[in-house]
DNA sequence: GGCAAAAGTCAACAGCTGTTGGCATATGCT
DNA sequence: AGCATATGCCAACAGCTGTTGACTTTTGCC
């Protein structure tokens, strides 16, 4: 409790940054606009976070660790993953920040790969499937494609789809990507 | 053949614009850099295209019409769509331009919706499936998610996947989105 | 060759950007 | 109380952006 005041404005800056980055992407979100949202001077942002890049890194920072899905049978892992990611996306806007900026920002791309590939692949490896990297990639394509249309591009039927229906459609897709034998290699 | 010289530089500008927009997105691609690539003066870009927005609109302009898939049985339409979109993506970089910029540019978003929803939905409607909008949306999530990882975020196993394997994995997914009966509505 | 129009060049503008240093104010300790 | 320190604000910088207008060169027609 050494410094309480500064912590509050630090948090205000971070919250404003997340919102702006998530809504407008990296380039359009200006330090001035973020500072205005947080009702402080732009210079404060620099004092606390050093640079725009570092502020962004802080805004996109969050716990990426997947829970341990080791004891879940492979046949129902698809459904579990859909529910988990959906809850993740809707909990806060860190992932939206990441997706919106990953398209132009290299740091964001790498963190995205980290989450979807580096995190998912070991989980699958624990289930002893073959070519886990490919399967993790396939799962990522479906999950991220869904998130893109639902949260960024906002296609009406996808935006309004209730969680249960999302699971109904996407669950079996993921399950297939996890269980279907790989095509024979040449 | 009234003005040949100008047509050539017009085309050079457009080509450079497509490359820059596709590689860096709307904001990072500057008129000055595009002009430099085309080896002309930035003022020429303005003379020929009026503004950056209009140049972008021209760069993202292309024929979005899907061929007539009316006589293809619904069961194999998934596979056909995968092959068609894959060929489309790889033919030129208009779609990459669109995807990279759709995340921050409203014009690009609308054109994206136009392609994937407005174009795909009538095609499905012709096959007399129920809730064509939802099905078109689901197909879009899988296709665009795949494109995102393959062409923008560049996840290794997805980038290197040969076309036949893409069809093997994604084809049945789309087919299911097109043929599976909708969940009962509450 | 002479000349109008097209094509291209140059320099500058106004506005916005991230970033910096100096200065005022409030805070908290002794 | 007094004072060091943390917190905040202001004004300005250098650089880049899209865009503009005046100027020069080239082209094509009579």
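Residue numbers (the numbering used here), protein chains in the order written: chain A, 5 to 190; chain B, 5 to 190.
Note that the Cβ used here is the ideal one computed from N, Cα and C, for glycine as well.
- Chain B places a beta carbon closer than 9 angstroms to that of residue 120/A, counting this residue as a contact.
- About 7 angstroms separates the Cβ atoms of residue 146/B and residue 145/A, confirming a contact at the 8 angstroms cut-off.
- Sixteen is the threshold: when 16 or more other Cβ atoms of the shown chains lie within 10 Å of the Cβ of residue 98/A, as they do, the residue is buried.
- Interface criterion not met: the Cβ of residue 123/A is under 9 angstroms from no Cβ in chain B.
- For a cut-off of 8 angstroms, the C-beta gap from residue 172/B to residue 187/A is around 5 angstroms, short enough to register as a contact.
- The stretch 111-154 of chain A is shown to contain whole alpha helix (DSSP H) runs of 4 or more residues at 124-130, 136-151, in chain order.
- About 6 angstroms separates the CB atoms of residue 105/B and residue 25/B; that is less than 8 angstroms, so the two are in contact.
- Pairing residue 65/A with residue 41/A gives a Cβ-Cβ distance that is not under 9 angstroms.
- The three-state reading of DSSP puts residue 73/B in coil, since its state is none of H, G, I, E or B.
- Distances from the CA of residue 95/A to each of 160/A, 155/A, 36/A, 182/A were compared; the closest alpha carbon is that of 155/A.
- Residue 98/A is outside the set of residues whose beta carbon lies under 9 angstroms from a beta carbon in chain B.
- The stretch 82-92 of chain B and the stretch 100-118 of chain B do not touch, with fewer than 3 CB-CB distances between them shorter than 8 angstroms.
- For the stretch 26-57 of chain B, the residues whose beta carbon sits under 9 angstroms from a beta carbon of chain A are, in order, 28, 29, 30, 31, 32.
- Taking all protein chains in view, the Cβ of residue 71/A is surrounded by fewer than 16 other Cβ atoms within 10 Å, so the residue is classified as exposed.
- In the three-state reduction of the DSSP assignment, residue 54/B falls in the coil class, being assigned neither a helical nor a strand state.
- Straight-line measurement puts the Cα of residue 34/A at about 12 angstroms from the Cα of residue 27/A.
- When the Cα atoms are used, residue 180/B and residue 29/A turn out to be separated by approximately 34 angstroms.
- Sequence-distant Cβ neighbours of residue 116/A in its own chain, meaning closer than 7 angstroms and more than five residues away, are 102, 106.
- For residue 41/B, the enclosing alpha helix (DSSP H) stretches over residues 35-41.
- Non-local beta-carbon contacts of residue 36/A in its own chain, meaning distances under 6 angstroms to residues more than five positions away in sequence, involve 46 in chain order.
- Taking the beta carbon of residue 138/B as reference, the chain A residues within 7 angstroms of it are 161, listed in sequence order.
- Identification of chain B residues near residue 172/A by a Cβ-Cβ cut-off of 8 angstroms yields 187, ordered along the chain.
- For residue 141/B, the chain A residues whose C-beta falls within less than 7 angstroms of its own C-beta are 153, 159, 161, 162, listed in chain order.
- When C-alpha distances from residue 176/A are compared across 152/A, 80/A, 48/A, 164/A, the shortest belongs to 80/A.
- Residue 159/A places its beta carbon 9 angstroms or farther from that of residue 82/B.
- Within 10 angstroms of the beta-carbon of residue 20/B lie 16 or more other beta-carbons, which makes it buried.
- Taking a Cβ-Cβ cut-off of 9 angstroms, residue 17/B has no neighbours in chain A, whose nearest Cβ is about 22 angstroms from it.
- When the five nearest sequence neighbours on each side are left out, the beta carbons in the same chain lying within less than 6 angstroms of the beta carbon of residue 131/A are those of 78, in order along the chain.
- Your pair residue 43/B and residue 53/B does not check out as a contact, with CB atoms roughly 16 angstroms apart and the cut at 8 angstroms.
- Of all residues in the stretch 85-118 of chain A, the ones placed with a Cβ closer than 9 angstroms to any Cβ belonging to chain B are 103, 104, 105, 106, 107, 108, 113, 116, 117, in chain order.
- Shortest Cα-Cα distance from residue 143/B to any of 165/B, 119/B, 164/B involves 119/B.
- C-alpha of residue 49/B to C-alpha of residue 31/B: approximately 16 angstroms in a straight line.
- Each residue's CA atom was taken as its position, placing residue 84/B and residue 162/A some 23 angstroms apart.
- For residue 129/B, the CB contacts under 6 angstroms within the same chain, skipping 5 residues up- and downstream, are 136 in chain order.
- Annotated three-state conformation of residue 48/B is helix, per DSSP.
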